[in-house]
Amino acid sequence: MQAFTLTNDADKNFSQRVSGLCLQMLMLMFLSS
């Protein structure tokens, strides 16, 4: 179960990074248009 919680935390961090990157890309597209 401990390994599962570790991977779950890693997935959370990864999804947060991905959503942050998507927000940055949206802001860049919005500013450059």
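Counting with the working numbering, you get residues 213 to 245 for the letters of the sequence shown.
Even for Gly, the Cβ is constructed at its ideal location relative to N, Cα and C.
Values in this document were obtained by computation on a predicted structure and should not be read as measured data.
* Alpha carbon to alpha carbon, how far is S244 from L233? Give it in angstroms, no decimals. => Those two C-alpha atoms are separated by around 16 Å.
* Look up S227 in the DSSP assignment and say whether it is helix, strand or coil. => Here S227 sits in helix by DSSP.
* Can you grab the Cα-Cα spacing for the pair Q236 / K224, in whole Å? => Their Cα atoms are separated by approximately 18 Å.
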